[in-house]
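Asks: The number in my numbering is simply the position in the sequence shown, starting from 1, with 1164 added.
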Amino acid sequence: MAFDSSYLKETVGDALARGCCATVVADPNDPVEYLGRWILRYVKNAEIEGKFFMERDMLAEAERKAREEAERLREEAEAYEVQKRTEAEALAEAKDDPFVLFERAVQVIEKYTDASASYVATIEHPEGPPGELEEGEPESEDEEPPPAPPEEGEGDGAEEQPPEPEPAANQKPGEEPKPNIIKFRYDNCFLRYVAATEGDRETIRKRGVLTRPPPPTDDDEGDEAAKPPPLPPTFRMLDEQVPSFYLSNVADEPAVQFFKRFPRMGSYFAAAVQSLDGEFKALVCADNLVPSGSGRPFSQQDRDFVWDVSRALTKALTDRDAAREASREARPQEAVFAEIKEQVTKTLYPPPPEEGEGVAEAAPADAAAEGEEGEEVEEEPPAEEEDDIARCQRELRNLEKHLVVEERHASEAAAAVEVREVVRRLWATQISAVAAAAAAELGQMTHAPRSTFRVLRALVHILREDASLWASWPAARTQATEGFFERAVGIDAAAERDMDAWGAARRELKACAEDQLPLECPETNIGALLRKYIRSIRATANKAVIMREKEAARVAREEEIRAKKEELEAAEKQKAEEEEEAARLQAEQEAAEREAEEGAEGEEEEEDA
């Protein structure tokens, strides 16, 4: 009973007590019926209240879960945006090879946007053909110029004042010059694709470049039916010099050129990568053409991200440009270059033993190797009467006099080659010292340093390596390694030259602007070093030609002397034989005369008897 009582108190006690109170207060005619009805209403209300609280709790739980899910999605979105921003910032701060950065950029765009394809194209201008060599045109000056005497006033504290700039044609005297608005021209440029997402890499590689449609010819202008092909919209972007370009559906633009030639639907976005001065240097492009892509217009977030990637690449490349500009201002190699030039001058034009005025004389061995072609040898004249032996002896003495001169010429020519080799080794030593830094400096350039590229290709011709590997800068920059420079400094400059290869090298060098070489590679000055080095190779080769000629003349003279000695020996032998024959004949004649005398004496004796 105690258990039942406790159970009832815990379960229905409160409700029964409240019902009894209500019954007492109401004082109904039938308290039992009233209490029963009250309990039924109480149970029904309790069910409604329980359902209400249960629904309220379920709704609160659903709201809590929704809030948690929204918070999770918000955190994921924030983390996603942070990750996107981090990867874009990493591109901006990276010091890697710029073409590696291009590859990373297209991968990041494919990863974080709706783009199914992304690619980078550098904006390049035609290089122009090599220089033309006129028929019979001599090679350019091989010699280092002799040291010039100081100008009047130099060394006395006088400094040359730069001339004041002349005012512009539309500038009034005393008026500040108006800044020029720099506007870059892209009317002759073309696009070279250098990076693409994995699925499009082979297609991009086959396409290679995108060029402007050729302008109509004179014949086409007269033909109403002939119309120039439409200009691809990317070139319009360059001509209008806007930093980004968007097409929500490329099918609406008839001038779009498709990599796979077949028109498709989808959106396209391009953003420019700029240099320090604002010039467009490359384009970061993305599309989502069907069937590989969704074909939907890019969202604003996707376009913003592609733009952010282009800005990150711009920062990464302009940081390199700024460092290069700082090196250009600091000129770290100028002192080293000047010191080598001074050593070269001292090697080729050693100062006189005593101080004197005027230009220093050239090195004797170097000068003698070129001259004295007409040096006369005082030959012994023929005697009025001389036999073959005397003639051969005289000619032999004259030949030996010539041999002495030719041996001296050959020795001086060899010394001249050695002088030129000393000069070549001076430049080669510096090239070896900066080879690794030069390879790194060239590898950081997205576009070819035009004059330095000419010098590099000239060196490729001289080394007789595969010039097709140097046809474009993206290919050439991978070939300009430390090993390439080491092969260059190991060349045998005294060997006979391949004149066809040197002709190709000279054409490249003729199109080279030498004053631009130190500006293009200021950190190592590799272009100017190689230009000087090629000049020293050619100078050594020219002296080696003279040396071989002198040596050949000496050998020919020795052969002539040997032949003359053989001729003398033959003449002496012939004379000895003739003298021996004459002696024999004389002896026979004397013997015959004696026999004749003896016979005559015998006949006289017989007659007397």
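Each residue gets a CB set at the ideal place from its N, CA and C atoms; glycine is no exception. Only a predicted model underlies this, so the values are computations on that prediction, with no experimental measurement involved.
#1: Does F1469 pass the burial test, meaning 16 or more other C-beta atoms within 10 Å, or should it be called exposed?
#2: Given a cut-off of 9 Å, decide if R1495 and P1613 are closer than it, judged by their beta-carbon atoms.
#3: Run through DSSP, which three-state label would E1629 get?
#4: Whole-angstrom Cβ separation of I1504 and Q1594, contact assumed at under 8 Å?
#5: For C1185, count the other beta carbons within 10 Å of its own beta carbon; 16 or more makes it buried, fewer makes it exposed. Which is it?
#6: Does any residue of chain D bring its CB to less than 9 Å from the CB of G1214?
#7: Just the Cα atoms here: how many angstroms apart are P1394 and P1418?
#8: In this structure, what does DSSP give as the bridge partners for T1286?
#9: Whether or not the stretch 1636-1653 and the stretch 1556-1569 are in contact is what I'm after, with contact meaning three or more pairs of Cβ atoms, one per stretch, closer than 8 Å; do they touch?
#10: With DSSP collapsed to three states, give me the class of L1481.
#11: Just how far apart, CA to CA, sit S1456 and E1362?
#12: Taking one C-beta from the stretch 1696-1708 and one from the stretch 1597-1605 each time, how about it: are there three or more such pairs within less than 8 Å?
#13: How long is the line joining the alpha carbons of M1429 and L1411, rounded to whole angstroms?
#14: With DSSP collapsed to three states, give me the class of V1437.
#15: Touch check for the stretch 1472-1488 and the stretch 1540-1555: three-plus C-beta pairs under 8 Å?
#16: Is it a yes or a no for the stretch 1636-1644 touching the stretch 1582-1593, going by three-plus beta-carbon pairs under 8 Å?
#17: Just grab the DSSP bridge partners of S1408 for me.
#18: Reducing DSSP to helix, strand and coil, say where S1491 ends up.
#19: Pick from K1714, D1630, L1447 and T1688: whose alpha carbon is nearest that of Q1497?
#20: Tell me the residue span of the alpha helix (DSSP H) that contains G1789.
#21: Looking only at DSSP bridge pairs, what is A1281 linked to?
#22: Counting along the chain, where does the alpha helix (DSSP H) carrying W1202 start and finish?
#23: If the criterion is Cβ atoms closer than 9 Å, does the pair W1591 and F1617 meet it?
#24: Cα-Cα, which of L1297, R1712 and P1377 is closest to A1577?
#25: CA-CA distance, Q1465 and G1459?
Replies: Quick answer:
#1: Counting Cβ neighbours within 10 Å, F1469 comes out buried, since at least 16 surround it.
#2: Not a contact, by the Cβ cut-off of 9 Å.
#3: Coil at E1629, not helix or strand.
#4: Confirmed, Cβ separation roughly 6 Å.
#5: So C1185 counts as exposed.
#6: No chain D is part of this structure, which consists of one protein chain only.
#7: P1394 and P1418: Cα-Cα distance of roughly 8 Å.
#8: BP columns for T1286 point to R1356 and A1446.
#9: The count of Cβ pairs closer than 8 Å, one atom from the stretch 1556-1569 and one from the stretch 1636-1653, stays below three, leaving the stretches out of contact.
#10: Looking at L1481 - three-state DSSP - the assignment turns out to be helix.
#11: Straight-line measurement puts the Cα of E1362 at about 13 Å from the Cα of S1456.
#12: Flag = no, the stretch 1696-1708 and the stretch 1597-1605 do not touch.
#13: Spanning the alpha carbons of M1429 and L1411 requires a straight line of approximately 11 Å.
#14: Reduced to three states, the DSSP call for V1437 is strand.
#15: Segments in contact, no.
#16: Between the stretch 1636-1644 and the stretch 1582-1593, the count of C-beta pairs closer than 8 Å stays below three; the two stretches do not touch.
#17: BP columns for S1408 point to A1435.
#18: In this structure, S1491 counts as helix in the three-state DSSP scheme.
#19: Residue T1688 holds the alpha-carbon nearest to the alpha-carbon of Q1497 among K1714, D1630, L1447 and T1688.
#20: One cannot answer for residue 1789 here, as it falls past the ends of the chain, which runs 1165 to 1773.
#21: Bridge partners of A1281: D1451.
#22: Note, W1202: alpha helix (DSSP H), P1195 to E1257.
#23: No.
#24: Looking at L1297, R1712 and P1377, the one whose alpha-carbon comes closest to that of A1577 is R1712.
#25: Cα to Cα, Q1465 sits roughly 16 Å from G1459.
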